[in-house]
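Q: In this note's numbering, the protein residues as written are 36 to 203.
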Amino acid sequence: MNAIQYALAVASLSVTTSSASAWTPASCPLANIESQRELHELLSLRAVEIVKLAMSGDRERLAEWVTPSASFNLGAGDVGRPLGTGIQGAETLAATMNADTYRYLGWDYMDGPAMPCASQKVAVEFVDSQSKSMSQVQFTFVGGRLADAIGWQRSFKGDSLIAANPIQ
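(1) Keeping to the same chain, check which residues put their C-beta closer than 6 Å to that of A57; ignore five residues upstream and five downstream.
(2) Thinking C-alpha only, which one of G147, E99, W187, F191 is nearest E69?
(3) Taking the C-alpha atoms as reference points, what is the distance between V157 and L196?
(4) Who are the Cβ neighbours of E9 in its own chain at under 6 Å, not counting the five residues just before and after it?
(5) For I185, report the span of its alpha helix (DSSP H) as first-last.
(6) In angstroms with no decimal places, state the Cα-to-Cα distance between F107 and W142.
(7) Apart from the five residues on each side of it in sequence, which residues of its chain come closer than 6 Å, Cβ to Cβ, to N133?
(8) Sort out for me which residues DSSP pairs R138 with in a bridge.
(9) Which residues in the same chain have their Cβ closer than 8 Å to the Cβ of T120, if we skip the five residues on either side of it in sequence?
(10) Can you tell me whether S53 is buried or exposed? The criterion is at least 16 other CB atoms within 10 Å of its CB, across all chains shown.
(11) Determine which residues share a DSSP beta bridge with T175 and list them.
(12) Give, in chain order, every unbroken run of the beta strand (DSSP E) that is at least 3 residues long and sits entirely within the stretch 98-127.
(13) Grouping DSSP H, G and I as helix and E and B as strand, with all else coil, what is D194?
(14) Measure the CB-CB distance between G193 and V172 and report whether it falls below 8 Å.
(15) Per DSSP, what kind of secondary structure is M145 in: helix, strand or coil?
(16) Which parts of the stretch 64-96 are runs of the beta strand (DSSP E), unbroken and 3 residues or longer, counting only runs that do not cross its ends?
(17) Find the nearest neighbour of Q123 within the set E95, V114, T136, judged by alpha-carbon distance.
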């Protein structure tokens, strides 16, 4: 995934309208969400919560958000790495990333009506500060449950922009 593809993936909340008809308000727990901004925030935080639950080993709560067929893949270098499905896949993803921080971009666009029961994509970046690796992961939710998580792990370099001893 190149930088432009990632920026586009992060900047958009993809909606697939064809799967919306498969859900009814009674079967979709997110049916009452009307705002794209609210939906983006909720699903981004849900992706983070899934990783936290997978790290903690709370399989019972993890099963509420991850479908048994959810697939996980975290490529690195020039090789894709399938990590499994369901709860086991989520746990393998969390262990592979070994993240201590996360970030995601906010919905800084004009708000609009949401289709919360349709397929939705959000991107979250997970950072392992000790090994200086970053995992950019796109999560696909259907009706609020995770259907897949696909990403890429990269090394990174960084430092402060403020010089310790500014040149006079």
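Cβ coordinates follow ideal geometry from the N, Cα and C atoms, glycine included.
A: Looking at the coordinates:
(1) Stepping through the sequence shown from its first residue, residue 57 is reached at position 22. For A57, the predicted model reports a pLDDT of 43, less than 50, meaning its position is unreliable; a value from the coordinates is still stated below. Hits under 6 Å: none found.
(2) Sequence index remark: in the sequence shown, residue 69 carries index 34 (1-based). Answer by Cα proximity: G147.
(3) The residue labelled residue 157 in the question sits at position 122 within the sequence shown. The residue labelled residue 196 in the question sits at position 161 within the sequence shown. So the alpha carbons of these two residues sit roughly 29 Å apart.
(4) Here the chain has residues from 36 to 203 only, and residue 9 is not among them.
(5) By one-based count along the sequence shown, residue 185 stands at place 150. Per DSSP, I185 belongs to no alpha helix (DSSP H); it is in the beta strand (DSSP E), 180-190.
(6) As a first step, residue 107 is located in the sequence shown; it is residue number 72 there, counting from the start. As a first step, residue 142 is located in the sequence shown; it is residue number 107 there, counting from the start. Taking the straight line joining both Cα atoms gives about 25 Å.
(7) Locating residue 133 in the sequence shown gives position 98, where the first residue counts as 1. So the qualifying residues of the chain are D163.
(8) As a first step, residue 138 must be located in the sequence shown, where it is residue number 103. E160.
(9) For the purposes of this step, residue 120 is identified with residue 85 of the sequence shown, where counting begins at 1. The answer, listed in chain order, is P103, S104, A105, S106, F107.
(10) Here residue 53 corresponds to residue number 18 of the sequence shown, with the count starting at 1. Residue placement at S53 cannot be trusted, given a pLDDT of 36 that sits under 50; what the coordinates show is reported in the next sentence. Its Cβ having fewer than 16 others within 10 Å, S53 is exposed.
(11) Here residue 175 is taken as the residue at index 140 of the sequence shown, counted from 1. In the DSSP output, where bridge partners are listed per residue, T175 has K156, D183.
(12) 101-111, 117-120
(13) In the sequence shown, residue 194 corresponds to position 159, counting from 1. Reduced to three states, the DSSP call for D194 is coil.
(14) Along the sequence shown, one-based indexing puts residue 193 at 158. Along the sequence shown, one-based indexing puts residue 172 at 137. Contact flag unset, no.
(15) Walking along the sequence shown from the start, residue 145 turns up at place 110. In the structure shown, M145 sits in coil (DSSP, three-state: anything other than H, G, I, E or B).
(16) none
(17) As a working mapping, residue 123 is identified with position 88 in the sequence shown. The candidate whose alpha carbon is nearest that of Q123 is E95.
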